Amino acid sequence: MNPYESINLSKVINAAGKMTYLGSSSISPQAAEVMFEAGKSYVDMAALKRNVNDRIAELTGAEGGCITSCAAAGIAISVAACLTGNDLDKVEALPVIKSPHHEVIIQKGHSVNFGANVTQMIRMTGAVVKEIGTVNGVKPYHLEGEINDKTAAIVYVISHHAVSDEMLTLSEVTEIAAKHQVPVIVDAAAEVDLHSYYQQGASLVIYSGHKAIGGPTSGMIIGDKNLIEACQLQEKGYARAMKIGKESIMGFYIALREYVNTDWDEVEGNYVSIVEGLQAGIGELSGLMTKIVWDATRPIPRLQLKLAVDCSLNAKQLIRLMEDNNPSIRTRNHSADQGIILFDPRELKDEEIPTIAQLLRSIII
Ligand SMILES: *Cc1c(COP(=O)(O)O)cnc(C)c1O
171 MNPYESINLS KVINAAGKMT YLGSSSISPQ AAEVMFEAGK SYVDMAALKR NVNDRIAELT
231 GAEGGCITSC AAAGIAISVA ACLTGNDLDK VEALPVIKSP HHEVIIQKGH SVNFGANVTQ
291 MIRMTGAVVK EIGTVNGVKP YHLEGEINDK TAAIVYVISH HAVSDEMLTL SEVTEIAAKH
351 QVPVIVDAAA EVDLHSYYQQ GASLVIYSGH KAIGGPTSGM IIGDKNLIEA CQLQEKGYAR
411 AMKIGKESIM GFYIALREYV NTDWDEVEGN YVSIVEGLQA GIGELSGLMT KIVWDATRPI
471 PRLQLKLAVD CSLNAKQLIR LMEDNNPSIR TRNHSADQGI ILFDPRELKD EEIPTIAQLL
531 RSIII
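Mapped onto this note's numbering, the consecutive letters of the sequence shown carry residue numbers 171 to 535.
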């Protein structure tokens with residue numbers, strides 16, 4: 171039984187992907203079971219966090235780990251750590267910064283909105299954001315020119331939201347930062363790679379627990395021992411407003427363990443079988459072309475639906491009809507203006523394919 175239906179909300183068939191606005195990921199049965207048991211039991215919370223933080227470090231190969239309530243909290247906590255270090259007096263004083271370092275540098279093309287502005291997650295600590303370069307160009311001299319005695323950190327965003335061309339690469343940034351002993355914080359919230367950004371010299375790397383990792387709403391910071399300790403200390407101040415509960419900590423840990431043990435070839439095969447099944451189910455419809463396309467950077471196939479200009483309705487009308495259906499069918503609609511709708515297999519279940527195919531066949535005539 172879908173509990174959302176019991177409070178009169180439509181069931182959602184998610185062909186959009188891991189979207190925050192649809193509740194991100196569906197939790198695995200094993201993680202869900204552990205969360206249920208963890209929620210019913212008591213535990214020494216400090217010991218639980220220490221234990222899971224150590225396991226995060228072990229599974230990612232970083233010196234340390236810090237569980238958070240989400241990646242956005244992870245950004246604020248990482249910046250706070252760079253402002254306070256391990257000084258509890260400074261931790262308690264935030265957002266008043268009792269340190270001469272209070273500026274955080276970010277490239278203009280990284281100053282994105284992921285649902286909220288990344289710069290606000292930095293500013294909420296009291297830090298001042300210094301954007302460098304332009305949205306279509308940042309050069310090493312822009313960074314060199316902005317680093318000074320007041321610099322607390324550099325935030326680097328890895329995301330499909332960010333401008334990727336003409337920005338400084340992570341290794342260019344970490345090299346310049348190391349020369350000036352400035353920490354580099356990487357926001358890799360939705361990324362699949364848990365190793366390479368830290369290996370490229372980032373001091374702290376932030377991940378969302380409910381995106382690629384597929385856990386409950388949660389997040390983690392991995393990184394250098396000293397700064398990670400400063401992140402953990404923030405729970406005595408700032409991060410108390412971003413608390414994560416015992417059941418989510420355990421659910422996150424199970425999801426992380428499953429994630430690092432995943433056989434990606436098998437997952438990719440399942441994705442292909444879902445999009446092929448959907449393509450076959452839809453079959454031939456006049457005015458509609460289907461083909462399988464791959465994500466630009468990740469191994470994700472998607473079924474692309476292209477509506478011909480002479481189709482009985484346009485992409486936006488079709489999207490609306492699918493959304494208004496019960497169950498509500500949600501798709502990736504970034505290219506709707508070009509008559510293109512994408513079906514993402516990651517959160518789509520085999521048994522949901524006939525519902526989508528039948529609806530399309532009944533709408534498009
Ligand atoms: C999703 C996202 C976030 C926020 O992640 P949450 O875990 O939902 O808080 C931050 N940065 C980027 C680049 C994102 O894509």
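Here a beta-carbon is modelled for each residue, glycine too, at the ideal position from N, C-alpha and C.
Every value quoted in this text rests on a predicted model; they were computed, and no experiment measured them.
The alpha helix (DSSP H) spanning F206 covers which residue range?
Position 36 of the sequence shown, counting from 1, holds the residue named residue 206. Looking at the DSSP string, the run of the alpha helix (DSSP H) that includes F206 is P199 to K210.
Taking 7 angstroms as the cut-off, does the CB of K188 come closer than this to any heavy atom belonging to ligand 1?
The residue labelled residue 188 in the question sits at position 18 within the sequence shown. No; taking the cut-off as 7 angstroms, the Cβ of K188 has no heavy atom of ligand 1 nearer than that.
Any idea which residues DSSP pairs C236 with across the strands?
Reading the sequence shown from its first residue, position 66 is the one you call residue 236. DSSP, once it has assigned bridges, lists I391 as partnering C236.
Excluding five sequence neighbours on each side, which residues of the same chain lie with their C-beta closer than 6 angstroms to the C-beta of I533?
Taking the first residue of the sequence shown as 1, we reach residue 533 at position 363. Cβ within range, chain order: L491.
In whole angstroms, what separates the C-alpha of P199 from that of E316?
For the purposes of this step, residue 199 is identified with residue 29 of the sequence shown, where counting begins at 1. For the purposes of this step, residue 316 is identified with residue 146 of the sequence shown, where counting begins at 1. Straight-line Cα distance between these residues: approximately 49 angstroms.
Does M189 come out as helix, strand or coil in the three-state DSSP assignment?
Mapped onto the sequence shown, residue 189 falls at position 19. It is coil, neither helix nor strand.
Compute the Euclidean distance between the alpha carbons of I526 and R500, then round it to the nearest angstrom.
Within the sequence shown, residue 526 is the residue found at index 356, counting from 1. Within the sequence shown, residue 500 is the residue found at index 330, counting from 1. Taking the straight line from one Cα to the other gives about 10 angstroms.
When you compare only the Cα positions, how much space is there between K519 and G447?
By 1-based counting over the sequence shown, the position of residue 519 is 349. By 1-based counting over the sequence shown, the position of residue 447 is 277. So the two alpha carbons sit approximately 11 angstroms from each other.
Are G279 and A332 closer than 8 angstroms when you measure CB to CB?
Sequence index remark: in the sequence shown, residue 279 carries index 109 (1-based). Sequence index remark: in the sequence shown, residue 332 carries index 162 (1-based). Yes, the pair counts as a contact, with Cβ atoms nearer than the cut-off.
Excluding the 5 residues flanking I383 on each side, which residues of the same chain have their C-beta closer than 7 angstroms to its C-beta?
Taking the sequence shown and counting its residues from 1, the one referred to as residue 383 is at position 213. So the list reads Y377, A425, L426 and Y429, once near-sequence residues are dropped.
Hey, how far is the Cα of A536 from the Cα of E301?
A question about residue 536 goes unanswered here, because the residues of the chain that appear run from 171 up to 535.
Distance, Cα to Cα, A348 vs W464?
Sequence index remark: in the sequence shown, residue 348 carries index 178 (1-based). Sequence index remark: in the sequence shown, residue 464 carries index 294 (1-based). About 37 angstroms.
What distance in whole Å lies between the Cβ atoms of A250 and Q404, which are believed to be in contact at a cut-off of 8 angstroms?
For the purposes of this step, residue 404 is identified with residue 234 of the sequence shown, where counting begins at 1. For the purposes of this step, residue 250 is identified with residue 80 of the sequence shown, where counting begins at 1. Yes, Q404 and A250 are in contact; Cβ-Cβ is about 5 angstroms, under 8 angstroms.
Below 8 angstroms between beta carbons: does that hold for A322 and L253?
Here residue 322 refers to the residue found at position 152 of the sequence shown. Here residue 253 refers to the residue found at position 83 of the sequence shown. Yes, the pair counts as a contact, with Cβ atoms nearer than the cut-off.
Which term fits Y191, buried or exposed, when burial requires 16 or more other beta carbons within 10 angstroms of its beta carbon?
One-based indexing of the sequence shown puts residue 191 at position 21. Under this definition Y191 is an exposed residue.
Using a Cβ-based criterion (distance less than 7 angstroms to any ligand heavy atom), does C236 qualify as near ligand 1?
On the sequence shown, position 66 is the one that residue 236 refers to. No, ligand 1 has no heavy atom inside 7 angstroms of this Cβ.
Taking the alpha carbon of I392 as the point to measure from, which residue in M215, A232 and S194 has its own alpha carbon closest?
Looking up residue 392 in the sequence shown gives position 222. Of the listed residues, the one whose Cα sits closest to I392 is A232.
In chain order, what residues of the same chain lie with their CB nearer than 7 angstroms to the CB of N503, ignoring the 5 residues before and after it?
For the purposes of this step, residue 503 is taken as the residue at position 333 of the sequence shown. Same-chain partners within the cutoff: I489 and I511.
Quick check: what's the CA-CA separation for H181 versus G451?
By 1-based counting over the sequence shown, the position of residue 181 is 11. By 1-based counting over the sequence shown, the position of residue 451 is 281. The sequence as given places Lys at residue 181; His does not occur at that position. Answer to the nearest angstrom: the Cα atoms are 21 angstroms apart.
From what residue to what residue does the beta strand (DSSP E) around I245 run?
Locating residue 245 in the sequence shown gives position 75, where the first residue counts as 1. Not the beta strand (DSSP E): I245 falls in the alpha helix (DSSP H), residues A241 to T254.
Is there contact here, the stretch 235-249 with the stretch 356-376, by at least three beta-carbon pairs under 8 angstroms?
Touching, yes, given that three or more Cβ pairs across the two stretches are closer than 8 angstroms.
Are the beta-carbon atoms of A478 and G457 separated by less than 8 angstroms?
Indexing the sequence shown from 1 puts residue 478 at position 308. Indexing the sequence shown from 1 puts residue 457 at position 287. Yes. Within cutoff.
Helix, strand or coil: which one does DSSP assign to A323?
Position 153 of the sequence shown, counted from the first residue, corresponds to residue 323. If DSSP states are grouped into helix, strand and coil, A323 belongs with the strands.
Between H330, I324, A358 and S329, which has its C-alpha nearest E342's C-alpha?
Sequence index remark: in the sequence shown, residue 342 carries index 172 (1-based). Answer by Cα proximity: I324.
With a floor of 4 residues, list each alpha helix (DSSP H) that falls wholly inside the stretch 438-502, ordered by position along the chain.
Qualifying alpha helix (DSSP H) stretches, in chain order: 485-494.
Quick check: what's the CA-CA separation for H271 versus H365?
Indexing the sequence shown from 1 puts residue 271 at position 101. Indexing the sequence shown from 1 puts residue 365 at position 195. When rounded, the distance between both Cα atoms is 28 angstroms.
Classify K381 as helix, strand or coil using the three-state DSSP reduction.
As a first step, residue 381 is located in the sequence shown; it is residue number 211 there, counting from the start. Of the three classes helix, strand and coil, the one that applies to K381 here is coil, per DSSP.
Locate the alpha helix (DSSP H) running through F284, then write down its first and last residues.
Working through the sequence shown from its first residue, we reach residue 284 at position 114. Element bounds for F284: n/a, residue is neither H nor E.
Helix or strand or just coil, what does DSSP make of G509?
What you label residue 509 is simply residue 339 of the sequence shown in a count that begins at 1. In the structure shown, G509 sits in coil (DSSP, three-state: anything other than H, G, I, E or B).
Can you give the beta carbon distance from E469 to V445, rounded, assuming they're within the 8 angstroms contact cut?
As a position in the sequence shown, residue 469 is number 299, starting the count at 1. As a position in the sequence shown, residue 445 is number 275, starting the count at 1. The residue asked about is misnamed: residue 469 is Pro in this sequence, not Glu. Contact flag wrong, Cβ pair sits at about 13 angstroms.
Can you name, in chain order, every residue of its own chain whose Cβ lies under 7 angstroms from the Cβ of S196, other than the five neighbours on each side?
Residue numbering aside, residue 196 sits at position 26 when the sequence shown is read from its first letter. Same-chain partners within the cutoff: E517.
Per DSSP, what are the beta-bridge partners of E273 in this structure?
By one-based count along the sequence shown, residue 273 stands at place 103. The partner list for E273 (beta bridge, DSSP) reads V298 and T321.
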